[in-house]
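Novice: Each protein sequence line maps, in turn, to chains D, C, V and E. Residue 1 is where the first sequence starts when you use UniProt numbering, and the numbers rise one by one after that. Residue 1 is where the second sequence starts when you use UniProt numbering, and the numbers rise one by one after that. Residue 1 is where the third sequence starts when you use UniProt numbering, and the numbers rise one by one after that. Residue 1 is where the fourth sequence starts when you use UniProt numbering, and the numbers rise one by one after that. Before anything else, here's the structure in question.
4 protein chains.
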Amino acid sequence: MNNTKRTIFESAIKVFSKNGYSGATMDAIAADAGVAKGTLYYHFKSKEEIFKYIVQEGMNVLKEKIESDSKNVNNSLDKIKILCKVQWGLVYESRDFIKVIMSQLWGQEIRQLELRKCIRSYIIYIQDYLKEAMDDGSIKKCNLSFLAYTLFGTVCSVAVYELMNEDKKDLDDMIENLMSYILNGIKVEKENKI
Amino acid sequence: MNNTKRTIFESAIKVFSKNGYSGATMDAIAADAGVAKGTLYYHFKSKEEIFKYIVQEGMNVLKEKIESDSKNVNNSLDKIKILCKVQWGLVYESRDFIKVIMSQLWGQEIRQLELRKCIRSYIIYIQDYLKEAMDDGSIKKCNLSFLAYTLFGTVCSVAVYELMNEDKKDLDDMIENLMSYILNGIKVEKENKI
Amino acid sequence: MNNTKRTIFESAIKVFSKNGYSGATMDAIAADAGVAKGTLYYHFKSKEEIFKYIVQEGMNVLKEKIESDSKNVNNSLDKIKILCKVQWGLVYESRDFIKVIMSQLWGQEIRQLELRKCIRSYIIYIQDYLKEAMDDGSIKKCNLSFLAYTLFGTVCSVAVYELMNEDKKDLDDMIENLMSYILNGIKVEKENKI
Amino acid sequence: MNNTKRTIFESAIKVFSKNGYSGATMDAIAADAGVAKGTLYYHFKSKEEIFKYIVQEGMNVLKEKIESDSKNVNNSLDKIKILCKVQWGLVYESRDFIKVIMSQLWGQEIRQLELRKCIRSYIIYIQDYLKEAMDDGSIKKCNLSFLAYTLFGTVCSVAVYELMNEDKKDLDDMIENLMSYILNGIKVEKENKI
DNA sequence: AATGAATGAGTCTTCATTCAT
DNA sequence: CATGAATGAAGACTCATTCAT
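Here it is, written out as structure tokens:
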């Protein structure tokens with residue numbers, strides 16, 4: 001990615017984050033990047049293309065971080081914990097852009113179908129982590145695919161929580177809570193109460 | 001709601017579901033409803049107004065169903081189970097419109113802010129159910145508000161799952177799974193294994 | 001003019017005055033009058049018709065007042081003074097509606113052509129007063145028609161002054177000044193200075 | 001002002017003159033200019049913006065002409081005569097657009113408020129000429145501001161006369177008459193008749 | 001006499017994209 | 001590589017008028 005392209009890329013993230021996908025205009029991106037509008041089309045085929053590009057880059061960053069953070073961890077359950085923390089942390093750090101992603105997840109436009117393809121591939125990626133833990137008995141046996149979706153679902157939950165509570169709660173606190181729900185559930189085990 | 005207004009209302013749901021909020025045009029809604037475009041504006045102030053109206057109606061239907069379904073249930077944990085089932089069921093039945101809701105949850109437009117207000121009020125509604133169960137020791141003590149968000153987050157999870165798996169899985173199956181994760185968690189309790 | 005029609009008539013003046021001709025909607029007039037929109041069309045053929053009706057009524061009021069105020073005056077110059085005062089007074093009192101008249105004087109729409117016809121007839125009416133004064137030597141001999149236009153022009157001047165100086169100046173003061181300009185001019189007569 | 005912008009500018013004057021402000025559509029202006037509608041919005045922010053632009057340009061032309069025509073005149077009264085002639089001449093030459101101005105002078109829309117600001121600044125400009133003449137005793141002492149308004153009022157008078165008498169009278173004749181009224185008044189001085 | 005639901009032609013405005021330079 | 005003027009399709013919304021009741 002040469003310099004101009006990177007500038008556009010970063011301005012696009014900024015503008016998408018601030019205005020959402022439809023709200024972001026090519027004019028605004030060009031203005032923020034300090035280039036002419038035509039230049040955007042020199043580096044990207046279309047507005048959708050820019051979006052797709054950002055998503056893919058983001059996905060790569062996410063996976064790389066998960067991998068690097070869990071490199072020296074052997075316990076399969078701990079690996080899942082790390083995966084969760086990294087993905088929730090990204091939601092936290094890039095909250096504004098994540099909102100755009102969330103809003104674009106649902107339609108039938110090309111960019112939206114492509115976005116879903118990306119997400120799907122990430123969910124399969126999650127499955128590998130879960131399978132390992134299921135195989136070695138760290139987590140209960142159950143429908144692997146559905147469990148992976150559930151884990152990704154927590155990303156949505158975190159994003160919604162972020163969205164609704166502008167007064168920033170401590171991330172670590174939230175992680176703690178959520179992790180506990182996921183691992184142990186919310187129900188009190190009556191038989192253990194004796 | 002008189003007849004014409006109801007016709008428009010239903011056409012709007014249909015068109016929004018098919019095309020998303022921005023993709024839905026007033027022309028399309030009018031055409032589907034079989035009325036002139038001006039008629040839309042006779043009954044609703046704007047496109048946003050139609051959307052808002054649908055959301056509020058939907059919210060009412062949801063709460064009413066939760067209430068009626070849990071009318072004869074006394075156990076607080078069972079009440080929560082019913083709440084979950086009803087909300088997930090709605091996501092399942094109205095999946096297309098729910099996608100529109102999900103996509104509109106995130107921005108700063110007026111309709112989006114109002115939508116969030118609706119959701120917030122629903123989450124507070126959930127809290128009441130959770131508080132009861134927490135008070136009588138059915139579920140673990142924890143941050144009530146955050147737990148309510150988590151429960152609402154499962155709606156997102158279900159919606160994402162619906163979105164990604166067009167090949168319809170059995171609803172009951174999904175409910176079963178998800179309920180189990182929420183209540184019991186996914187982790188195997190090592191100490192109990194002895 | 002029956003009661004409903006008069007109510008509409010008065011509401012129309014109010015609404016036209018507040019919003020101008022285009023800015024005034026039939027909805028607003030109906031709302032102000034407390035009748036249904038259809039009722040407007042029962043009493044008047046169209047929006048233009050209402051406007052025309054108001055203008056004609058206003059014209060009648062103006063002429064009647066001039067006549068009644070100058071009934072007991074014999075001096076032709078004094079009659080002109082009275083005519084001026086009455087017309088300026090009307091501009092002063094009904095300033096908001098006069099602005100609407102002024103704005104509608106200029107186009108090619110039917111109501112505008114009709115309005116000009118009304119004004120033209122008023123200017124001819126002015127001419128009679130001027131002719132009398134010219135015939136008996138009270139005012140200088142000159143192009144009668146053009147002079148009548150000039151006198152009507154002062155109505156515009158007053159209206160503009162009203163428009164631009166929201167801080168109300170004393171009407172009598174203004175009348176005094178303007179009358180002096182018209183009768184005596186603004187130039188200092190050098191030869192009289194000796 | 002580059003070429004396209006000038007073309008649009010001139011077409012706008014034409015279309016406004018023919019149809020008035022509301023009657024003029026952006027479509028019509030674009031068609032007359034031979035450009036796409038979007039091009040209008042590339043060069044001007046809105047319809048109101050075009051109007052404002054034309055008004056300001058016109059104002060500049062008017063002041064420049066007054067200045068250049070009175071450059072070599074020293075007599076303050078003659079300067080006023082020139083000012084009048086120039087302003088009346090402009091009304092005569094651009095009669096159709098002046099009608100639009102006149103119709104737009106009266107409301108509360110932004111363009112109308114701005115227009116009045118322009119006119120106000122022109123009236124202050126007139127005051128300077130009057131002050132000079134008043135100071136050196138060429139014209140009678142009186143309320144300077146009101147006199148300036150009166151002089152501007154003659155512009156309205158001329159415009160009305162133009163409007164009502166489509167059969168073009170000689171401009172010079174009209175100027176002659178009006179100037180005489182302004183300077184000397186219309187009354188016969190009885191005491192000089194002996 | 002009065003109503004008010006329904007109409008639909010008419011307008012301004014937006015914005016992704018193109019292309020000659 | 002980069003520009004920025006030009007495009008034109010598309011869409012939300014307004015409002016005078018009609019007409020069945």
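Virtual Cβ for every residue (Gly too), placed ideally from N, Cα, C.
For residue 127/D, which residues in the same chain have their Cβ closer than 6 Å to its Cβ, ignoring the five residues on either side in sequence?
Specialist: Only 144, 148 meet the Cβ criterion.
Novice: Check the Cβ-Cβ distances between residue 177/D and every residue of chain C, and say whether any is below 8 Å.
Specialist: Output row for residue 177/D: interface = yes.
Novice: When the Cβ atoms of the region 89-101 of chain C are set against those of the region 38-50 of chain C, are three or more pairs found closer than 8 Å?
Specialist: In short, these stretches do not touch, since the Cβ pair count stays below three.
Novice: Could you tell me whether the Cβ of residue 82/V comes closer than 8 Å to any Cβ of chain E?
Specialist: False, the Cβ-Cβ gap to chain E never drops below 8 Å.
Novice: Under 8 Å between the Cβ atoms of residue 103/E and residue 21/E?
Specialist: Taking 8 Å as the Cβ cut-off, residue 103/E and residue 21/E qualify as a contacting pair.
Novice: Closest to residue 112/C by C-alpha separation, out of 121/D, 58/D, 164/D, 122/D, would be which residue?
Specialist: Nearest of 121/D, 58/D, 164/D, 122/D to residue 112/C, Cα basis: 164/D.
Novice: Pick from 18/E, 17/E, 185/E, 119/E: whose alpha carbon is nearest that of residue 59/E?
Specialist: That would be 119/E, whose Cα lies nearest to the Cα of residue 59/E.
Novice: Kindly list, in the order they appear in chain C, the residues whose Cβ is closer than 7 Å to that of residue 156/D.
Specialist: The answer, in chain order, is 153, 156, 157, 160.
Novice: Would you kindly work out how many angstroms separate the C-alpha atoms of residue 194/E and residue 67/V, rounded to a whole number?
Specialist: Caution applies to residue 194/E, whose pLDDT of 40 falls short of 50 and renders its modelled position unreliable; the model cannot decide the point.
Novice: Would you please verify whether the beta carbon of residue 9/E is less than 8 Å from any beta carbon of chain V?
Specialist: Not closer than 8 Å to any Cβ of chain V, the Cβ of residue 9/E fails to qualify, so no.
Novice: List the DSSP bridge partners of residue 187/C.
Specialist: Answer is 139/D, bridged to residue 187/C.
Novice: Excluding the 5 residues preceding and the 5 following residue 86/D in the sequence, name in chain order all residues of the same chain whose CB lies nearer than 6 Å to its CB.
Specialist: Contacts found: 65, 66, 69.
Novice: Enumerate in chain order the residues of its own chain whose CB-to-CB distance from residue 57/D is below 6 Å, with the five nearest sequence positions on each side excluded.
Specialist: Hits under 6 Å: none found.
Novice: Determine the direct distance from the alpha carbon of residue 23/C to that of residue 114/E, and round the result to whole angstroms.
Specialist: One C-alpha to the other measures close to 38 Å.
Novice: List the whole-angstrom C-beta distance separating residue 30/D from residue 39/D, where the pair is believed to meet the contact cut-off of C-beta under 8 Å.
Specialist: About 7 Å; that satisfies the 8 Å criterion.
Novice: Quick one: list the residues of chain C neighbouring residue 139/D, beta-carbon separation under 8 Å, in chain order.
Specialist: Simply 186, 187, 188.
Novice: I need the boundaries of the alpha helix (DSSP H) containing residue 104/C, first residue and last residue.
Specialist: Unbroken alpha helix (DSSP H) run through residue 104/C: 95-104.
Novice: For residue 158/C, tell me which candidate among 99/C, 131/C, 130/C, 71/C has the shortest Cα-Cα distance.
Specialist: Considering only alpha carbons, the answer is 99/C.
Novice: Starting from the C-beta of residue 139/E, find all residues in its chain whose C-beta is less than 6 Å away, skip the five residues before and the five after it, and write them out in chain order.
Specialist: Only 133 meet the Cβ criterion.
Novice: Are the CB atoms of residue 178/E and residue 154/V within a distance shorter than 8 Å?
Specialist: No, the pair does not count as a contact, with Cβ atoms beyond the cut-off.
Novice: Excluding the 5 residues preceding and the 5 following residue 4/E in the sequence, name in chain order all residues of the same chain whose CB lies nearer than 7 Å to its CB.
Specialist: Result list for residue 4/E: 35, 39, 43, in chain order.
Novice: With residue 63/E as the anchor, note down where its alpha helix (DSSP H) starts and where it stops.
Specialist: Where residue 63/E is concerned, the enclosing alpha helix (DSSP H) stretches over 47-69.
Novice: As a quick exercise: from 169/E, 185/E, 16/E, pick the residue whose alpha carbon is nearest that of residue 107/V.
Specialist: Comparing Cα positions, the closest option is 16/E.
Novice: To the nearest angstrom, how far is it from the Cα of residue 13/V to the Cα of residue 170/V?
Specialist: Approximately 25 Å, taken between the alpha carbons.
Novice: Using the rule of at least 16 other Cβ atoms within 10 Å of the residue's Cβ for burial, across every protein chain shown, is residue 162/E buried or exposed?
Specialist: Flag for residue 162/E reads buried.
Novice: Consult DSSP for residue 3/D and reduce its assignment to one of helix, strand or coil.
Specialist: In the structure shown, residue 3/D sits in a helix (DSSP, three-state: H, G or I).
Novice: Evaluate residue 160/E with the Cβ neighbour count: other Cβ atoms within 10 Å of its Cβ, from every protein chain shown; 16 or more gives buried, anything less gives exposed.
Specialist: The residue is buried, with at least 16 neighbouring Cβ atoms inside 10 Å.
Novice: At the level of alpha carbons, what is the spacing between residue 7/C and residue 54/C?
Specialist: The alpha-carbon atoms of residue 7/C and residue 54/C are separated by roughly 12 Å.
Novice: State yes or no: is the C-beta of residue 26/D within less than 8 Å of the C-beta of residue 37/D?
Specialist: Cβ distance < 8 Å, so residue 26/D and residue 37/D count as in contact.
Novice: Which value, in whole angstroms, describes the spacing of the CA atoms of residue 129/E and residue 184/E?
Specialist: So the two alpha carbons sit approximately 18 Å from each other.
Novice: Is there a C-beta anywhere in chain C that falls below 8 Å from the one on residue 99/D?
Specialist: Output row for residue 99/D: interface = yes.
Novice: Taking 8 Å as the CB-CB cut-off, is residue 88/D touching chain C?
Specialist: False, the Cβ-Cβ gap to chain C never drops below 8 Å.
Novice: My assumption, with CB atoms under 8 Å, is that residue 136/E sits in contact with residue 76/E. Please give the rounded CB distance.
Specialist: Rounded, the Cβ-Cβ distance is 6 Å, consistent with contact.
Novice: Rank 152/C, 51/C, 141/C by C-alpha distance to the C-alpha of residue 186/D and give the top, closest one.
Specialist: Nearest of 152/C, 51/C, 141/C to residue 186/D, Cα basis: 141/C.
Novice: Under a Cβ-count criterion, where at least 16 other Cβ atoms within 10 Å of its own Cβ denotes burial, should residue 1/C be classed as buried or exposed?
Specialist: When all chains shown are included, residue 1/C counts as exposed.
Novice: Between residue 182/D and chain C, is there a C-beta pair that is closer than 8 Å?
Specialist: Judged by the 8 Å Cβ criterion, residue 182/D is in contact with chain C.
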